[in-house]
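Asks: Got a structure here, written out as structure tokens. Questions coming.
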Amino acid sequence: MGKWSRRAFISGGIISGGAVLFGIAIRPGNRVAKVAPLISDTNDTIFNVWLKISPNNKITVVVPHAEMGQGAHTTLAMMLADELDADWNLVEVLEAPAHKEYANYALAKGYALGDLNFPSWLVDTIDGFFLTATQAINLQITGGSTAVRTTGKFAMRVAGASTKAVLLEAAASTWNVPTDELTTKNSIIQHTESSRSAPYSEFAAIAAQLKQPVKPNLKMPDEFQIMGTNVQRLDIPSKVDGSAKFGIDARPPSLKFAAIKTAPVFGTKLKSVDEVSIQNMPGVRKVIQLDNAVAVIADGYWQAENALAALKFVFEDDGNELVEQSDIFKQFENDMNNAIKNSAEITDFQKGDINAALESANHIVEAEYRVPYLSHAPMEPMNCTAWVHDDICEIWTGSQDPLGFAAQIADALEIDVGNVLLHNEFLGGAFGRRAFSDYAIQAAKIATEVPYPIQLIWSREEDMRHDYYRQASISRFEAALDNSGIPIAWINQYVEKHDPVEAPYIPYAIDNQHIHFTESKTHVPWGFWRSVDHSLHAFFTESFIDELAFAATKDPYAYRRDLLADSPRFLHALDTAAKKSNWDSPLPDNWGRGIAIHKSFGTIVAQVIEVEVLEGRVVPRRAICAVDAGFAMHPNGMEAQMESGIVYGLTAALYSEITIQHGAVAQSNFHDYPMLRINESPIIETYIINGGEQIGGGGEPGTPAVAPALVNAIFNATGKRIRQLPIRLHDLSTKELSSKDVA
Amino acid sequence: MLTLTINEDRYDLDIDPQTPLLWVIREQVGLTGTKFGCGIAQCGACTVHLDGKPIRSCTTPVFAAVGRTVTTIEGIKNESGELHPVQQAWIEEQVPQCGYCQSGQIMSAIALLQKNPLPDDTDIDNAMRGNICRCGTYPRIRKGIQRAAKMIAIAPQKKKTIDG
Chain A
6 MGKWSRRAFI SGGIISGGAV LFGIAIRPGN RVAKVAPLIS DTNDTIFNVW LKISPNNKIT
66 VVVPHAEMGQ GAHTTLAMML ADELDADWNL VEVLEAPAHK EYANYALAKG YALGDLNFPS
126 WLVDTIDGFF LTATQAINLQ ITGGSTAVRT TGKFAMRVAG ASTKAVLLEA AASTWNVPTD
186 ELTTKNSIIQ HTESSRSAPY SEFAAIAAQL KQPVKPNLKM PDEFQIMGTN VQRLDIPSKV
246 DGSAKFGIDA RPPSLKFAAI KTAPVFGTKL KSVDEVSIQN MPGVRKVIQL DNAVAVIADG
306 YWQAENALAA LKFVFEDDGN ELVEQSDIFK QFENDMNNAI KNSAEITDFQ KGDINAALES
366 ANHIVEAEYR VPYLSHAPME PMNCTAWVHD DICEIWTGSQ DPLGFAAQIA DALEIDVGNV
426 LLHNEFLGGA FGRRAFSDYA IQAAKIATEV PYPIQLIWSR EEDMRHDYYR QASISRFEAA
486 LDNSGIPIAW INQYVEKHDP VEAPYIPYAI DNQHIHFTES KTHVPWGFWR SVDHSLHAFF
546 TESFIDELAF AATKDPYAYR RDLLADSPRF LHALDTAAKK SNWDSPLPDN WGRGIAIHKS
606 FGTIVAQVIE VEVLEGRVVP RRAICAVDAG FAMHPNGMEA QMESGIVYGL TAALYSEITI
666 QHGAVAQSNF HDYPMLRINE SPIIETYIIN GGEQIGGGGE PGTPAVAPAL VNAIFNATGK
726 RIRQLPIRLH DLSTKELSSK DVA
Chain B
-5 MLTLTINEDR YDLDIDPQTP LLWVIREQVG LTGTKFGCGI AQCGACTVHL DGKPIRSCTT
55 PVFAAVGRTV TTIEGIKNES GELHPVQQAW IEEQVPQCGY CQSGQIMSAI ALLQKNPLPD
115 DTDIDNAMRG NICRCGTYPR IRKGIQRAAK MIAIAPQKKK TIDG
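Protein chains in written order, with my numbering: chain A, 6 to 748; chain B, -5 to 158.
Structure below.
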């Protein structure tokens, strides 16, 4: 990954130089001047905020998303390079500086508008509106699986195509030939009639003066040269030789290290600290008291950790220290019951006439499901390096939201955001966690107390106990079946709603539906967790539809198939997964097969999981995944994301549970919050469907269908229906009447 | 004062002998390829070789490395600077995602292949189960090790042909 110019920030005052005006279009335009000093080297020609061309014909693509393993840097560069007809071997990536010109307006737009199916004539208006709105609230977020489907489409491809257009125009005027006689390939412009050719760099200076078209012609899929191919990821070479720099690898001069203990009970304050208790310990420099935490700075991290362990301090009590996990589930139950009693439910989705359907029903099926709080547990614990010097606060960290981090640090320090210089490094995993700036604000506050840079590293225990957790939830269902077992009513009540809106919606053709929810607040902080609300709702809805199939004595694949008859995209994905799994083929004793399908972030994923239940132990053997994201820009990368999403989902479904004990998180490290390991990882087969619809995301959609496919497989193997995660809580050492025997 | 040999370089360090080797490598020596993940030998991100054997540097006191050879991810290229076959295979199979655990994965994989040049998937699973990858690159790690094993197996044969 290239580095943007730090000197430009410090000396030029580009960001701190007062008000920055911005227009309403993100399209290539005249705002280059504001970011030029940050991304430019001498002699580079900058075309727009997204790309520059060097004299040696090297093309640098500026990507506004963090690289956290999802391949965003490479895929976004591919999209621009393809439209530009660039020589891929001469393409380099630079992560955009934390600057509002790179705000991820796309994310807010995606959330607000669901699937982005709006008419093309509205695009400019909507883009303008959301760009303005999101710049105002400082979004440059990597999340919501937006990198390819929105930034890629609206910024990268347009920038590449517009730049190609002006390069052609410049070449045409230089050679005095018609533009349409020119061809482009591998960053070279050719005029066959006069046997002339020259690299892009030769025309860069002239072309950059020309007005770039706002709506250039974009390529059709059959014209793609780079998009849809499996180029090697640009970040991988540095990740095999130890040279990749993560936040924790920042090494500014005279760096010292800080360890921290934040109040175990969320929301409580630090009461007192006995600094004398550690004053003679080796390497210790300073004890820092924050509002809700205490930190020790030492010459080395191990010294800081040891001193922190020996330090005597007390946190205040605020009542939440009495909260237990069972209280939280009880509160959910009471709030759900009371909401029904008091008609205080909030409707999510409604259609048809539920009451009439219930009255006419032949068979009612009910079920209640539960999921626990979940921690993200990325491999790189939260950390941030901060140095307050020369009137600025310089930050090195890994963030999914560098612009938001800079603004929040500025707020916390009561300084101008222009005086925060943030270097976003590679993220050692994130999954939503690194969208929250708490650790960076802590580091910045600590750094204001000392003249040298400090690196704050959270222990794994701090990381697990001070996460922003995927919510625990209860979901209740009632469905009515007609004489032939077809569902005619679907009622769902669940607790706590976040994003995206459509997560609890079902794809099935059921005429009468009422999906509603209850608010039930707790003191446990909530955060985006890979696939957000989809991570729980797919488990709920795809388990329950399986239960309906069982009640109707039908095959769960065939049952879904019937209800998706009018949804060809869903059907194609479902059929692909079933076919590739040899759905009807017999399995060995104690094996089971389960299926699930779910659409999230514009991508449909169908999965079949085969499981062996060995003396009560669940061993996932094979996972078959069919994915339709419209078009896979980087098929190998899409496969990698499916593999990743499946392993992440398996860990959660089998093992993960954060519980609250005396108001705090009980788990602390990988021994009591275990991860799926290689010996437990199934064979994974991914089948990509390029369905041709609006492009969907890749980072998140692999996860939601895993838990239901797995519990459906366990049901198939053992006859036991698991309605509460994680699976390890359940005794599976005995069998019940097998679903195989019934179906 | 104690003396360490890391990647064939000698370091004289004035340091508490109880300090975990991980922090000495990262802070005093300045090699940041070896990562901190859990601090309790549960995740394998800190894996380095001590006399060729994989160890968890987060729980190994630095004194235990005195007089022995420490190898980190920065020390596994060959003398002409070429990547180790495992590193090459990792690129070919496009193994890493976030990449944070991969130094540890690669060090464990090299140690496995030194002991067992032609491991099957069960051997791989047993040797690699101490290394967590939160991005779920396990299927590719298996493929990467199989590919590296083939590359290593072929390399000496080539040499033989040339010699012969």
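Ideal Cβ positions, reconstructed from N, Cα and C, are used throughout, including at glycine.
What does the Cβ neighbour count give for residue 355 of chain A, buried or exposed, with the cut at 16 atoms within 10 Å?
Replies: exposed
Asks: Is the Cβ of residue 77 of chain B closer than 9 Å to any Cβ of chain A?
Replies: At a cut-off of 9 Å between beta carbons, residue 77 of chain B contacts chain A.
Asks: Closest by CA to residue 409 of chain A, which one among A/428, A/453, A/689 and A/737?
Replies: A/428
Asks: So what's residue 206 of chain A in DSSP terms, helix, strand or just coil?
Replies: helix
Asks: Given residue 33 of chain A, which residues of its chain have a CB within under 6 Å of its CB, disregarding the five upstream and five downstream residues?
Replies: Note that residue 33 of chain A has pLDDT 33, beneath the 50 cutoff, so the model's placement of it is unreliable and the number below is only indicative. 53, 164, 167 and 217.
Asks: For residue 676 of chain A, count the other beta carbons within 10 Å of its own beta carbon; 16 or more makes it buried, fewer makes it exposed. Which is it?
Replies: With fewer than 16 Cβ atoms within 10 Å of its Cβ, residue 676 of chain A is classed as exposed.
Asks: Counting only beta-carbon separations shorter than 9 Å, does residue 50 of chain B have a partner in chain A?
Replies: no
Asks: Just to make sure I have the definition right: I need the residues of chain B whose C-beta is within less than 9 Å of the C-beta of residue 432 of chain A. Which are they?
Replies: 92 and 94
Asks: Taking only beta carbons into account, state which residues of the region 46 to 76 of chain A come closer than 9 Å to chain B, listed in chain order.
Replies: 72, 73, 74, 75 and 76
Asks: Is the beta carbon of residue 415 of chain A less than 9 Å from the beta carbon of residue 406 of chain A?
Replies: no
Asks: Given this structure, state the Cα-to-Cα distance separating residue 480 of chain A from residue 709 of chain A, to the nearest angstrom.
Replies: 16 Å
Asks: Please classify residue 530 of chain A as buried or exposed, where buried requires at least 16 neighbouring CB atoms within 10 angstroms.
Replies: exposed
Asks: Show which residues of chain A have a CB atom less than 7 Å away from the CB atom of residue 10 of chain B.
Replies: Simply 287.
Asks: Using the Cα positions of residue 588 of chain A and residue 598 of chain A, report the straight-line distance between them to the nearest angstrom.
Replies: 8 Å
Asks: Check whether the region 51 to 62 of chain B touches the region 16 to 26 of chain B, counting contact only when three or more Cβ pairs, one atom from each stretch, lie closer than 8 Å.
Replies: yes
Asks: Taking Cβ-Cβ distances shorter than 7 Å, what residues in chain B pair up with residue 307 of chain A?
Replies: 13, 14 and 17
Asks: Check residue 331 of chain A in the structure and name its three-state DSSP category.
Replies: Helix, per DSSP.
Asks: Is it buried or exposed for residue 311 of chain A, if we count other Cβ within 10 angstroms and need 16 for buried?
Replies: buried
Asks: What's the call for residue 364 of chain A, buried or exposed, on a 16-neighbour Cβ count within 10 Å?
Replies: exposed
Asks: Per DSSP, which residues does residue 755 of chain A bridge with? Please list them.
Replies: With chain A running from 6 to 748 in the structure shown, residue 755 of chain A is simply not present.
Asks: For residue 264 of chain A, tell me which candidate among A/390, A/472, A/274 and A/199 has the shortest Cα-Cα distance.
Replies: A/390
Asks: Does the region 542 to 555 of chain A come within contact of the region 370 to 378 of chain A, defined as at least 3 CB pairs closer than 8 Å?
Replies: yes
Asks: Please check if any C-beta of chain B sits within less than 9 Å of the C-beta of residue 385 of chain A.
Replies: yes
Asks: How about residue 465 of chain A: is its C-beta nearer than 9 Å to some C-beta of chain B?
Replies: yes
Asks: If contacts are defined as beta-carbon pairs under 8 Å, then residue 271 of chain A and residue 639 of chain A qualify, I think. What distance do you get, rounded to the angstrom?
Replies: So it is not a contact: roughly 39 Å between Cβ atoms.
Asks: Pairs of beta-carbons, one from the region 127 to 146 of chain B and one from the region 381 to 398 of chain A, closer than 8 Å: are there three or more?
Replies: yes
Asks: Can you check the region 207 to 294 of chain A for any beta strand (DSSP E) of at least 3 residues that lies completely inside it and give the ranges in chain order?
Replies: 261 to 267, 275 to 279 and 289 to 294
Asks: Does DSSP put residue 4 of chain A in a helix, a strand or coil?
Replies: Any answer about residue 4 of chain A is impossible in this case: the structure gives chain A only from 6 up to 748.
Asks: So, residue 498 of chain A versus residue 521 of chain A, is the Cβ gap smaller than 9 Å?
Replies: yes
Asks: Can at least three beta-carbon pairs, one atom from the region 624 to 643 of chain A and one from the region 684 to 697 of chain A, be found at a separation below 8 Å?
Replies: yes
Asks: Could you give the residue range of the beta strand (DSSP E) that holds residue 711 of chain A?
Replies: Residue 711 of chain A -> not in any beta strand (DSSP E); alpha helix (DSSP H) instead, spanning 711 to 723.
Asks: Do residue 447 of chain A and residue 267 of chain A come within 9 Å of each other at the CB atom, strictly closer than that value?
Replies: yes
Asks: Mind checking which residues open and close the beta strand (DSSP E) that includes residue -3 of chain B?
Replies: -4 to 0
Asks: Along chain A, which residues have their Cβ under 8 Å away from the Cβ of residue 21 of chain B?
Replies: Result: 262, 305 and 306.
Asks: From the DSSP output, in three-state form, read off residue 665 of chain A for me.
Replies: strand
Asks: If we count the other Cβ atoms within 10 Å of its Cβ and call it buried at 16 or more, is residue 162 of chain A buried or exposed?
Replies: buried
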